[in-house]
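All remarks here apply to the structure that follows.
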Amino acid sequence: MLNLRAVSYRYAGARRECLHGIDLDLVEGAVTGLVGPAEAGKSSLCLVAGGLAPRVVGGHLSGQVGIDGASVADWPMYRLAEEVTTAVQDPAGQLSLIGQSVAEEVALGPANLGLPRGEIEARTAWALAVTGIEALAERDPLRLSGGQQQLVVLAGLLAMRPRHLVLDEPLAHLDAGGAKVVLDAVRAAADAGAAVLLAEQRTDELARVADTVLLMSAGNIVAGGAPREILSHPTAHALGVAEPAGAALRRRLRAAGFDPDLVEVDA
Amino acid sequence: MTRPVFARTESTAASRWHGLDPLTRLVVALGTMIAALLLGGVVCLAALGILAVLLPTAMAHELRPVLRLAVLLALPLGVSAVLINVLFSPGTTSEGAWLAAVVVLRIVIMAGATVLFYRTTIPADLVGSLQHHGLSNRITFVIHNAVAMIPRLAERAREVTAAQRARGFDSEAGLLRRGRGIIALAAPTVLGAVAEVEARTLALETRAFTRPGRVTVLRPPHDSNLQRAGRWSIVVGLVALVIARVTGLLPC
């Protein structure tokens, strides 16, 4: 389990902290959703949870980030990458340029772990299948659409079979079909035992896959709980977090004097 | 039968030169550049150019594009070298012209060796080769970025030009107007490239690229004893050349 205890973080050169005293447990087998307005600190929290901040991007971190209770402060990034993998927002920027084909791009992580070639091939084939991009296996990753590149990046992370998966707005470039593929893959990873942190603005989709949702504002986690409860919470609306369509329908039914439980909705 | 996942890695090389281990091509390119700096006379440089640039280029079936690009790259420096050596040389004009020929030849050889390497080497193959030969991933990352960045930079420059044209930049206007627009093109190209390298660093770090120890090479190079001997010969030859240059034993 990945734990954050009283974590505060400040980017290099910044005067103020963008995260304040964050406590977070990423439980294996569960998807933890992260919502909040712009500048709430969602991406920064993803970087910290993924170990990239301050290791790679610099800055100052206080508090403790640990795995199974042990601090990972002294772990080099390559060791942490075997436990936690992270996808940041820009899919094209996350392609390595090393892989000449989608299959090679997906296989890069397992190859870096020094796994036998047969195991790499099996993991790559599985990740391509889970993300529905087998047909793209031989294509040049740089010549794909943003949505397809997003799926390639996700497949590359899944192929590493991480215990913890941190995804920062993975649906940003995807249409409804692509979003469903990603959500199904995320759910499959969680069902296989991974702990997933999923920062996402598209609350309809988030509500479908998350087990719990955390609401962030100004670098703090201000609420946390079941997706239905948090995403329809007045604080979430006040912060500009979009209410899922199902929750909105329930609220309107209630306001109109109907019992929302008489209507079956997704969220 | 299921289709192999890495079908493209088994592709056949375009020529015997393309089929060499990328490390061999890298050693030839670097060796040629260093030798061009150490050698002095026109005859020696011409021999080096024929042996290390023209012959491999012909072998790779890349004669026209490589020569064209090498001459284009060498042109600005070459013209300055001719002007400086012919017009401002302290000796006679013929001595200045001879010196200019040496400088121009040197630049063309260095440009030719670089262009040949770039045109015949896929970055992924180079990474596979360097990893196969046990080079650390950090150094491989730096070399890979240097090799892969140039085509990416060219592509980004084309994208930025297209975007600026959509905003009214006239890329076919007079030289002065185009000159004024250069900042609008260069700034996003360079800043975008820097941001891209940062994002790529994050992506590679999160995929354990800097992990020490052996990695599994997806594109193992086609190395051979002959190539190994050739690479070591080049290294030994360069050391001998340096010694000969320092002790004054070099005939040219």
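Here the protein sequences line up with chains A and B, keeping their order. Numbered by numbering that gives the first Met the number 0, the letters in the first sequence go through residues 0 to 266 in order. Numbered by numbering that gives the first Met the number 0, the letters in the second sequence go through residues 0 to 251 in order. Virtual Cβ for every residue (Gly too), placed ideally from N, Cα, C.
Query: Do we get a CB-CB distance below 8 Å when we pair S43/A with the residues of chain B?; Result: no
Query: So, does the CB of E158/B fall closer than 8 Å to a CB anywhere in chain A?; Result: no
Query: What are the complete beta strand (DSSP E) segments, minimum 3 residues, inside the stretch 173-235 of chain A?; Result: 194-198, 211-216 and 219-224
Query: Counting only beta-carbon separations shorter than 8 Å, does L150/A have a partner in chain B?; Result: no
Query: When DSSP labels each residue in this structure, what does T85/A get in the three-state scheme?; Result: strand
Query: Using a Cβ-Cβ cut-off of 8 Å, state whether L114/A counts as contacting chain C.; Result: The displayed structure is made up of protein chains A and B, and chain C is not among them.
Query: Could you name the residues that DSSP lists as bridge partners for I108/B?; Result: DSSP lists no partner for I108/B.
Query: Does the Cβ of G256/A have 16 or more other Cβ atoms within 10 Å, making it buried, or fewer, making it exposed?; Result: exposed
Query: What residues of chain B sit near Y87/A, judged by a beta carbon separation below 9 Å?; Result: Just to set this straight, residue 87/A is Val in the shown sequence, not Tyr. Neighbours of V87/A on chain B, chain order: A198, L201, A202 and T205.
Query: Using the C-alpha atoms, what's the distance from V159/B back to A186/B?; Result: 10 Å
Query: Please state whether DSSP places E9/B in a helix, a strand or coil.; Result: Its pLDDT being 46, under 50, E9/B is placed unreliably in this model, and the value from its coordinates should be taken loosely. Helix, per DSSP.
Query: Can you give me the start and stop residues for the alpha helix (DSSP H) that D222/B sits inside?; Result: From DSSP, D222/B is part of no alpha helix (DSSP H); its letter is neither H nor E.
Query: L50/B to I106/B, Cα distance in whole Å?; Result: 16 Å
Query: Just how far apart, CA to CA, sit I220/A and A193/A?; Result: 22 Å
Query: Any chance you could list the beta strand (DSSP E) runs of at least 3 consecutive residues sitting entirely within the stretch 116-149 of chain A, in chain order?; Result: none
Query: Measure the C-alpha to C-alpha separation of R7/B and D139/A and round it to an integer number of angstroms.; Result: With a pLDDT of 48 at R7/B, under the threshold of 50, the predicted position of this residue should be treated as unreliable, and no value is reported.
Query: Quick check on this structure: which residue in R249/A, V165/A and V151/A has the alpha carbon closest to the alpha carbon of G177/A?; Result: V151/A
Query: Let me check understanding here. Comparing Cα to Cα, which of A147/B, G39/B, P89/B and V114/B lies closest to V103/B?; Result: G39/B
Query: How is S135/B classed by DSSP in three states: helix, strand or coil?; Result: coil
Query: Report buried or exposed for R160/A, applying the criterion of at least 16 other Cβ atoms within 10 angstroms of its Cβ.; Result: buried
Query: Does the stretch 25-40 of chain A touch the stretch 179-196 of chain A, meaning 3 or more C-beta pairs lie closer than 8 Å?; Result: yes
Query: Express the C-alpha separation of E204/B and A28/B in angstroms, rounding to a whole number.; Result: 30 Å
Query: Who are the near neighbours of H132/B in its chain, counting only those whose CB is closer than 7 Å to its CB and skipping five residues on each side?; Result: L22
Query: Please return the same chain residues whose Cβ sits closer than 6 Å to the Cβ of A147/B, not counting the five positions on each side in sequence.; Result: P122
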